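Below is one structure, written out as structure tokens, with a few remarks after it.
In my numbering, the protein residues as written are 187 to 546.
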């Protein structure tokens, strides 16, 4: 099991009430089995990268494969994935399915900063390209759902911590239901998570969001606005459950020693996990494929299946964690096709760089 999957497994044991979210994270982080240059994710070999980033191509490519698979998994959700008892009207099913796709898209956008924190930064221009390329394939189905990229890295200070607060806001209803059930063990897990979120809020708010913060700085403004949304949910909604209100940390108070320890433990744990992840990644990537030029030549000689074949199978259900694309041609094979829309029309600023892949 890779380090991030191990971390998610730890969260599942620690925060059982986050089961729905973390099950999605497990699916998003599942291994992608595609070792061929002409497989479902061949586009990931050809997304342009900047000249000074060639050594990161293997990392970028593997992330691309996972992200592309995950975007498709959301598009492939069907009515039967949301039908409760079969009595819903067609319009109700349509709205419920749309809501579920939107929710999964939100969680995918939250998974990204956690993944990047674990395995190192991947620039937004590359991530945007992955979304754009996948959207162009999805457009072969006129009714296809296109999950939009909402960059936490570009939008927020401490993106992975802001994602944690956003998760709290999104599944607040589940929290309340757990409290009302009055299962003591669940309450312990819940209060632990609340204390972590409160400590994160206090730290970021005190550091970055004084009353006179610069609202013209977009990242700062987005961060402080999201903190206010969290505070509103925290104080106005959770305080309505009267019997727990006195156990909640007060957000306007200074960080306590206990909260500082919580933050320190989180930082130390993350640092230890990231150190292990970096070592493992170096060991894995040192000994793989080095003949990228040969791979590109073989790709040109191999047969391929256009993306439009994805939609010939009708309503066939495809599990979220499977490689749901059946066959994907490389962009090079279409360059002489007058009907082909390039996956990325702006290739002048970057060097594709099929050079050494020693670190793959």
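Using N, Cα and C, we set each Cβ at its ideal position, and we do this for glycine too. What you are looking at is a predicted structure, and each value in this text was computed from that prediction instead of being measured.
With a 10 Å radius around its C-beta and 16 neighbouring C-beta atoms as the bar for buried, classify residue i as buried or exposed.
| i | result |
| --- | --- |
| residue 264 | exposed |
| residue 206 | exposed |
| residue 187 | exposed |
| residue 327 | exposed |
| residue 404 | exposed |
| residue 261 | buried |
| residue 444 | exposed |
| residue 217 | exposed |
| residue 411 | exposed |
| residue 400 | exposed |
Under three-state DSSP, which class holds residue i?
| i | result |
| --- | --- |
| residue 468 | For residue 468, the predicted structure reports a pLDDT of 46, less than 50, and the residue's modelled location is therefore unreliable. A value from the coordinates is still provided. Helix, per DSSP. |
| residue 187 | coil |
| residue 440 | coil |
| residue 193 | helix |
| residue 277 | helix |
| residue 298 | helix |
| residue 427 | coil |
| residue 481 | Confidence at residue 481 is low in this model, with a pLDDT of 38, below 50, so the placement of that residue is unreliable and no value is reported for it. |
| residue 396 | coil |
| residue 422 | helix |
| residue 328 | coil |
| residue 306 | coil |
| residue 199 | helix |
| residue 262 | coil |
| residue 387 | helix |
| residue 337 | coil |
| residue 556 | In this structure the chain extends from 187 to 546, so residue 556 is not present and cannot be described. |
Give me the residue from the options with the minimum Cα distance to residue i.
| i | options | result |
| --- | --- | --- |
| residue 196 | 262, 426, 387 and 375 | 375 |
| residue 219 | 239, 234 and 254 | 254 |
| residue 436 | 420, 446, 451 and 332 | 420 |
| residue 295 | 326, 278, 340 and 275 | 340 |
| residue 352 | 378, 394 and 409 | 409 |
| residue 310 | 203, 396, 383 and 250 | 250 |
| residue 413 | 330, 336 and 388 | 388 |
| residue 287 | 227, 256 and 373 | 256 |
| residue 289 | 332, 432, 390 and 323 | 332 |
| residue 426 | 361, 348 and 281 | 361 |
| residue 448 | 457, 335 and 386 | 386 |
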